[in-house]
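The structure under discussion appears below in the form of structure tokens.
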Amino acid sequence: MLEELHVWGVYLPAALAWAVLAGILAHLLRGLWQRVSWSAALGHAGVWELTLFALLWWGMTTFADGYFHYG
Numbered sequence: 188m189l190e191e192l193h194v195w196g197v198y199l200p201a202a203l204a205w206a207v208l209a210g211i212l213a214h215l216l217r218g219l220w221q222r223v224s225w226s227a228a229l230g231h232a233g234v235w236e237l238t239l240f241a242l243l244w245w246g247m248t249t250f251a252d253g254y255f256h257y258g
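Mapping the sequence shown onto our numbering, position 57 (from 1) lands on 244, and the numbers just tick up by one.
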């Protein structure tokens with residue numbers, strides 16, 4: 188697992204970087220989700236937004252572990 192990222196001379200925990208990117212993507216996709224008329228029928232929007240964030244974070248972490256080489 189990729190432990191740290193070196194970004195502009197600062198070492199960041201990789202999980203923090205992926206969480207921030209997932210949060211930004213989830214926020215951008217939130218507008219699309221709210222425009223869908225049937226989104227209210229599926230339950231609380233906050234639950235789906237949290238689920239989207241968690242899935243994006245998991246997907247980014249899995250992708251990074253598989254494709255970014257380190258060491």
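From the three backbone atoms N, C-alpha and C, an ideal C-beta is built for every residue, glycine too.
Item: Residues of its chain near residue 239, where Cβ-Cβ distance is below 7 Å and the 5 sequence neighbours each way are ignored; Value: 213, 216
Item: Residue 207, DSSP secondary structure in three states; Value: helix
Item: Exposure label - residue 205; buried when at least 16 CB within 10 Å; Value: buried
Item: Assigned exposure category for residue 209 - 16 Cβ within 10 Å defines buried; Value: buried
Item: Cβ-Cβ separation, residue 220 to residue 244 (assumed contact under 8 Å), whole Å; Value: No, residue 244 and residue 220 are not in contact; Cβ-Cβ is about 17 Å, not under 8 Å.
Item: Per-residue burial, residue 241 [other beta carbons within 10 Å of its own, 16 or more giving buried]; Value: exposed
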